[in-house]
Each structure stands twice: as structure tokens, then as C-alpha cells.
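Single-structure report; data block below.
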Amino acid sequence: MTGSNITAQKVWFTELEDLINSKFRDEVNERVKEFESFRKKDGPEIFFELCYCFLTANTSAELGIKMQRELGVQPFIEDSTEVLTAKLKNAHYRFYNTRGKFISENRWIIPELPVLLNHPDPWVAREFIVENVKGIGYKESSHFLRNTGVFDFAILDKHIIRMLDGEFARSGKALNRKLYMKYEQQVIQISEQLGLKPGVLDLYMWKMATGKLIK
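Heads up, the sequence shown is in the numbering used here, so the first residue is 4 and it goes up one at a time.
What follows is the structure in C-alpha cells.
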């Protein structure tokens, strides 16, 4: 890590501590309770949250939330690929064919999801998702698991990477598995210092980076 990155981290770490100790913590705690409720939900409801990760890839979280509110759960569970793709196209989604295909082809995992969320080793659960669910990498699987009550992982989107390593973020390089694990360990270390789970820490870091609290 370069000197400029270290200096930048010291600055935002102090700001992060202030945010954690502010009234914003109450909002985060409420969101965490919402996430934890998924541990008791059934497969289709959990799959609906997995679909959110397909919908937000390379677009905004707000658009994903809007689309899910408009359609509800059933189209993501029951619509044919063609029908679902048409709905995504009408919503002006980018890569609507790919998203629709991934959602329909991954429905096989619906009955497995409650088991995965309650797996005794969350790292095994994440690897299973990455290896077996089409279109889902480490960032998306970590995001999905956090949003369904598993807080052990870092969600390394561009905003978080920019905070951890501005030089790497500006390079435009993609995160491979090795790099993801490297930066994830940084987040885990920070979360341990602050007494938070990595997935909960992400909510504070995202608030700092974007000014928003979004799942």
C-alpha cells in the first residue's frame, strides 16, 4: 500500500468511527434486522433477493429496487425467460437478455437457499454459490448473503475499492479471486478493529462513499 493510500485510509477511518457512533447506527441496526429475517424465509423469497443482485449488476441499486417493487416476487419465480426478458427490456434495462436468462436458469437453487443461509460454514456456502450459480461472482454472492443475514464477507464494489486503494480503483483493472481475497482481508481487519461484522461495516462505508443507505 502506498503512502497516499495509507493517509487517505487514516482520514476516512476517523470519519467512519464518527459515523458508527452517530444516530445513523440506529438506521443500520434496523436494516440488519431486516436482513436477518431472511434466515427464516422460504426459498422463493430468498431467491427474490438473489434476483436483486442480478438486477443491480452494472446498474444502480435504485433501479433494481424499483423493478422488484413493480413486478413483485412471482415473475422472477414463474415467468418464462422470454416473458421476463421482455419485462426487463420494457424497463430499459441494459443486458436484459443476459439478466433474464441468468434468473430463469438459476431457479434450480431455490430449494437449496434456506439450507445455504443457515450453513454452519458461511465460507463454504459462498463458494458453492460462486461455483454453481451462473452470473454470480464473489461480490454478488457476498452482497446476496449480506442482504439475507450472513455478514461475514466484504462487498467490494467500486466505491469500497476506491476507499481501500484509490490507485487500484483508478487503474480500471478487474478483481480476480486473489485480489478479492486480498482486499476482503483488509475489510475484515477494519471490521475487527471496529467491532462490526464485515457485511455490517459495508453499510457504513457505503454511506460514506455515496451518502446513501441501500441494501
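Where is the CB? At the ideal position from N, CA and C, for every residue including glycine.
Cut-off 7 Å between Cβ atoms - residues of its own chain near residue i, not counting five sequence neighbours on either side
i, result
"isoleucine 49", "Phe41, Leu116, Pro117, Leu120 and Thr151"
"lysine 44", "none"
"glycine 59", "Residue identity check: residue 59 is threonine in the sequence provided, not glycine. Around threonine 59: Gly67."
Residue i classed as buried or exposed, judged by whether at least 16 other C-beta atoms fall within 10 angstroms
i, result
"histidine 146", "buried"
"aspartate 168", "buried"
"methionine 70", "buried"
"proline 78", "buried"
"arginine 72", "exposed"
"valine 136", "buried"
"glycine 214", "exposed"
"threonine 17", "exposed"
Close-in-space but distant-in-sequence residues of the same chain around residue i (CB under 6 Å, 5 per side omitted)
i, result
"arginine 165", "Ala172"
"lysine 90", "none"
"arginine 102", "Phe57 and Leu91"
"leucine 53", "Phe147"
"lysine 176", "none"
"threonine 88", "Tyr99, Asn100 and Gly103"
"alanine 157", "Glu187, Val190 and Pro201"
Sequence-distant residues of its chain with Cβ nearer than 8 Å to residue i (five each side left out)
i, result
"lysine 200", "Phe154, Asp155 and Ser194"
"valine 133", "Ile139, Gly140, Tyr141 and Ser144"
"tyrosine 207", "Leu19, Leu22, Ile23, Phe27, Val31 and Leu199"
"leucine 197", "Leu19, Glu20, Ile23 and Leu204"
"lysine 36", "none"
"proline 47", "Val76, Ile80 and Ile113"
Residue-chain proximity (residue i, chain B), Cβ-Cβ < 7 Å
i, result
"lysine 200", "Absent here is chain B; the protein component of the structure consists of one chain."
DSSP three-state assignment for residue i, whether helix, strand or coil
i, result
"glycine 138", "coil"
"isoleucine 113", "helix"
"valine 76", "coil"
"arginine 97", "coil"
"leucine 178", "coil"
"isoleucine 68", "helix"
Assumed close pair residue i, residue j - CB separation to whole angstroms, cut-off 8 Å
i, j, result
"tyrosine 149", "phenylalanine 38", "Sequence inspection shows arginine at residue 149; the tyrosine mentioned does not correspond to that position. That pair is a contact at about 7 Å."
"leucine 204", "tyrosine 186", "13 Å between Cβ atoms; not a contact."
"arginine 97", "threonine 62", "6 Å"
"arginine 34", "leucine 178", "The pair is not a contact, with the Cβ atoms about 25 Å apart (cut-off 8 Å)."
"methionine 211", "tryptophan 15", "6 Å"
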